[in-house]
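Chains as they are written, first to last, in the working numbering: chain A, 3 to 127; chain B, -18 to 539.
Okay, structure first, notes after.
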Amino acid sequence: MSHADGSGHSQNGEAFPEDSRLTRDTAIRGPARPAPYIGAGILLAAAILFPLLPQLYAFDAPRLGGMPFFYWYQLLWVPVSAILTGSSYLLVTKEDRRRRAEARAGGPPQAGSASARTGLGGDRP
Amino acid sequence: MNGREINWTALVIVVLLFVVVAVMGFLAAKWRRGTDVEGLHSLDEWGLGGRGFGTWITWFLLGGDLYTAYTFVAVPAAMWATGAVSGFFAVPYTIVLYPIIFIIMSRLWSVSHRHGYVTSADFVGGRYGSRWLSLAVAVTGIVATMPYIALQLVGIKAVLTVLGLGSSGNVLLTDLPLILAFVVLAAYTYTSGLRAPAMIAVVKDLLIYLAVIVAVIYLPIKFGGWDTIFGSAQSKLATVNQATGKPAGVFIPGAANYSAYWSLALGSAMALFMYPHSVTAVLASKARNTIRRNAAILPLYSLMLGFLALLGFVAIQAGTKPIDLDGSVNPQLVVPQLFLDHFPAWFAGIALAAIAIGALVPAAIMSIAAANMFTRNIYRDFIRPDVDARTEAKVSKIVSLVVKVGALVFVIAMDQSAAINMQLLGGIWILQTFPAVVAGLYTRWFDRWALLVGWAVGIIFGTVSAYNVVNPVTKAHFGGSVAPIPGTDISVYIAVSAFALNLVVAAVLTLVLRALKVRTGEDLTRPTDYAADETDPKVVQIEKIQHYTQPGGPSPVA
């Protein structure tokens, strides 16, 4: 996940109006706490790893409603994986919100909003 | 020559639903458009639907985009013909897909939001300061997408065939319904851009869910339960093929098939989000978290796909006979035929319409995505660097037409197996862009030239390996996508072995080029870009502010 955010220093000092303190390097999030990212990482790694180990499930028995284990086990992994990914989402978003709040409290003011549909297309100098 | 009668009830339903969808496609031009935006005169508006789709629209759009008509036709067909390894791997594939998207795609969204990137090649160009690497990504994307669009036509063709159309001796008349469908598709994609498939995807997905849920409940009851169905599948797949002396298929993979099974699933999952059409749907979403939320809810489609795959086994028990117009057995007709045989004509019509419309949604998105790549990474980067947003949209619209005509000619003029072979190669090729795109989202460690050479080596190795896979029955090349790793007898998906080689070459060359102190390109992105959300300003906005408040400061973007 993304631990690497900007350092948060602003190059052009106090001589300009507030908005000008916003630069390309203005931190948009505070420093990360590792725990939520490690937790989400473990959940996601499990959701990637286990369905890719046919050694664990390439059997016929036990059958479920006539369906061999091989088939129902993999179908069962669909909701399990959704739950793992959903939990990672909650973990990561909560931490993200905290880091953003921290950056807002300590850093320069928020600027610009997505609803401003300006300057489309000119993405390169 | 052909014993098929036209099924009028089903045909009328299919045509009716097709017309409804076409009307929606044209109306979509005005859908969800801000009052301040006049017409679809930029790639953000035409090619990305205004970059404003929320969680649910994105869910339908991505669902319609990733689970294509060809998937609906080919996965059960593979189950019917050869069983688990070539068919059911689609289930672990679409399971591991979502954690992977969760990890990488939010970063791609953020950096693209900041910089206004429309394609993954845009990002690669900005990150590495190399339009050649960007060109490699774009060309791979376009070339891999073309046969994918052609395969959507194969899906429509399967539906038209079981409906009894296309049996005329006249070549032009045979393909007339297909041509007609594609002209309509091309017209509303041209006028409405990405909004058309987004809107149609909602209808298509609801129809597909309806058809699959009914079929999965009703058909097993009709054919004596899953026990009987799996029983007849097991005995069919165990039957020894006369030509090869091996069993016809795999019911449950044995130890020898494990590496093929997991590498097919993993390689396909990694490749899917390198395709331009997947990136287009991601970048059309409103916020960084939209795609992460979708990673948690999109698996509902995988469940549907899993049951759809099992319909291939149901067809074995049902004794479905997928006989093509020329009298040969064509496994791809299995699912359409199954619906037509065992449901009332009107319901079969709904199911067949769902498959046919299911081809239109991804075909539209794919042609838009390929067109955007051409416009941004070939036309702008190499032909007209000073192109404005309006012209970009115009070029994209025209290219989207060209791409679709190309796919149509491909399917009509060439053998169907050519499209399938190309699609197989496309999957191998597109995975070779993974190091440049995904490693770039996390680190600038790799050198741009090393990545370019790694890409080329991966593509050459993959193409040669795929060519050398010979079908044991027909002796044709491109007989499959699995081959032993050179020097071993471990069979893996060729895309994965090519990818590993690509990565090693890129890493070693990076060290060499660094030792030689070769100049690295300019990186236009900053660490903050990779976590930006919709509320964070875009680069153009930041630089505009700086321009006004800071005389003599950094020059603004042109």
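Using N, Cα and C, we set each Cβ at its ideal position, and we do this for glycine too.
Nonlocal neighbours in the same chain, by C-beta distance under 7 Å from residue i, ignoring five residues either side
| i | result |
| --- | --- |
| B:TRP61 | GLY293, ALA296, ILE297, PRO312, VAL315 |
| B:LEU484 | PRO416, GLY435 |
| B:ALA345 | LEU166, THR170, ALA177, PRO178 |
| B:LEU406 | THR444, ALA447 |
| B:GLY387 | MET127 |
| B:ALA618 | Absent from the model: residue 618 of chain B. The displayed extent of chain B is -18 to 539, so no value can be given. |
| B:ALA65 | VAL231, PHE232, ILE233, PRO234 |
Nearest to residue i (by Cα), restricted to the options the options
| i | options | result |
| --- | --- | --- |
| B:HIS323 | B:TRP37, B:VAL195, B:LEU497, B:GLN522 | B:VAL195 |
| B:PHE459 | B:ALA487, B:SER398, B:ILE411 | B:SER398 |
| B:PHE104 | B:VAL418, B:TYR239, B:ALA437 | B:VAL418 |
| B:ILE364 | B:ARG108, B:LEU116, B:LEU245, B:LEU218 | B:LEU116 |
| A:VAL82 | A:ALA37, A:THR25, A:ALA47 | A:ALA47 |
| B:ALA351 | B:LYS378, B:ALA326, B:GLY136 | B:LYS378 |
| A:GLY67 | B:GLY31, B:ILE278, B:ALA224, B:ASP208 | B:ASP208 |
| B:PHE429 | B:PHE480, B:ARG500, B:LEU382, B:TYR239 | Here the sequence assigns Arg to residue 429 of chain B, which means Phe is not the residue at that position. Closest option to B:ARG429, Cα to Cα, is B:ARG500. |
| B:VAL197 | B:GLY330, B:LEU284, B:LYS185 | B:LEU284 |
| A:PRO53 | B:ILE130, B:VAL(-5), B:TYR239 | B:TYR239 |
| B:PRO317 | B:SER213, B:ALA55, B:LYS456, B:PHE232 | B:ALA55 |
| B:THR469 | B:PRO366, B:GLY330, B:ALA237 | B:ALA237 |
| B:PHE83 | A:ARG99, A:LYS96, A:TRP74, A:ALA84 | A:ALA84 |
| B:VAL(-5) | B:GLY31, B:ALA262, B:PHE328, B:ALA246 | B:PHE328 |
| A:LEU55 | B:VAL118, B:GLN223, B:LYS203, B:LEU247 | B:LEU247 |
| B:THR301 | B:ALA487, B:LEU497, B:PHE204, B:SER87 | B:PHE204 |
Interface partners of residue i on chain B, CB under 9 Å
| i | result |
| --- | --- |
| A:GLY88 | ARG274, ALA276, ALA277, ILE278 |
| A:ALA107 | Neighbours of A:ALA107 on chain B: none; closest Cβ ~16 Å, over 9 Å. |
Close-in-space but distant-in-sequence residues of the same chain around residue i (CB under 8 Å, 5 per side omitted)
| i | result |
| --- | --- |
| B:LYS519 | HIS94, ARG95, HIS96, GLY97 |
| B:LYS385 | ILE130, PHE163, LEU166, ALA167, THR170, ALA344, SER348 |
| B:VAL392 | ALA131, LEU134, VAL135, LYS138, LEU159, ALA400 |
| B:VAL1 | VAL184 |
| B:GLY421 | PHE104, VAL105, ARG108, TYR109, PHE427 |
Close beta carbons around residue i, own chain, < 6 Å, minus the five adjacent residues each side
| i | result |
| --- | --- |
| B:ILE81 | ALA250 |
| B:LEU(-2) | ALA334 |
| A:GLY32 | ARG101, GLU104, ALA105 |
| B:ALA182 | PHE41, LEU42, GLY45, VAL342 |
| B:VAL450 | GLY460, GLY461, ALA464 |
| B:GLY106 | ARG112, SER115 |
| A:LEU93 | PRO38, GLY41, ALA42 |
Residue i - partner residues in DSSP beta bridges
| i | result |
| --- | --- |
| B:VAL231 | B:GLY64 |
| B:PHE34 | B:SER266 |
| B:SER472 | B:PRO465 |
| B:VAL376 | Paired residues: none, contrary to the question. |
| B:ILE359 | Per DSSP, none; premise fails for B:ILE359. |
| B:ILE304 | B:VAL310 |
| A:LEU66 | A:MET69 |
| B:VAL221 | B:PRO228 |
Pair within 9 Å by beta-carbon distance, residue i and residue j
| i | j | result |
| --- | --- | --- |
| B:THR39 | B:SER266 | yes |
| B:LEU321 | B:ALA(-9) | yes |
| B:SER173 | B:LEU21 | yes |
| B:SER244 | B:VAL477 | yes |
| B:ILE130 | B:SER348 | yes |
| B:TRP37 | B:ILE272 | no |
| B:ARG357 | B:ALA125 | no |
| B:GLN413 | B:PHE480 | yes |
| B:ASN270 | A:THR95 | yes |
| B:ALA326 | B:ASN(-12) | yes |
| B:THR75 | B:LEU286 | yes |
| B:ALA71 | B:ALA290 | yes |
| B:VAL193 | B:PHE69 | no |
| A:TYR91 | B:ARG88 | no |
Within chain A, partners of residue i - CB distance below 7 Å
| i | result |
| --- | --- |
| B:ASP208 | GLY68 |
| B:ASN270 | THR95 |
| B:ARG429 | Those within 7 Å of B:ARG429 in chain A number zero; the least Cβ separation is about 17 Å. |
| B:PRO73 | PRO53, LEU54, GLN76 |
beta-carbon residue i near the ligand NAD non-hydrogen atom, thresh 8 Å
| i | result |
| --- | --- |
| A:ALA29 | This structure lacks the ligand NAD, and indeed carries no ligand of any kind. |
Cross-chain neighbours of residue i in chain B, by beta carbon under 7 Å
| i | result |
| --- | --- |
| A:ILE50 | VAL77, PRO80, ILE81 |
| A:PRO56 | PRO234, TYR239, TYR242, TRP243 |
| A:ARG99 | Under the 7 Å cutoff, chain B gives no residues; its nearest Cβ is about 10 Å from A:ARG99. |
Amino acids of chain A, ordered along the chain, whose beta-carbon sits closer than 8 Å to that of residue i
| i | result |
| --- | --- |
| B:ARG13 | Those within 8 Å of B:ARG13 in chain A number zero; the least Cβ separation is about 13 Å. |
| B:LEU284 | LEU77, VAL80, PRO81 |
| B:ALA246 | PRO53, LEU54 |
Within chain A, partners of residue i - CB distance below 9 Å
| i | result |
| --- | --- |
| B:GLY287 | TYR73, GLN76, LEU77, VAL80 |
| B:ILE440 | Those do not exist, as B:ILE440 stays about 25 Å from chain A at its closest Cβ, beyond 9 Å. |
Chain B contact residues for residue i, given Cβ-Cβ distances below 8 Å
| i | result |
| --- | --- |
| A:TYR39 | Residues of chain B passing the Cβ test: none, with the nearest at roughly 11 Å. |
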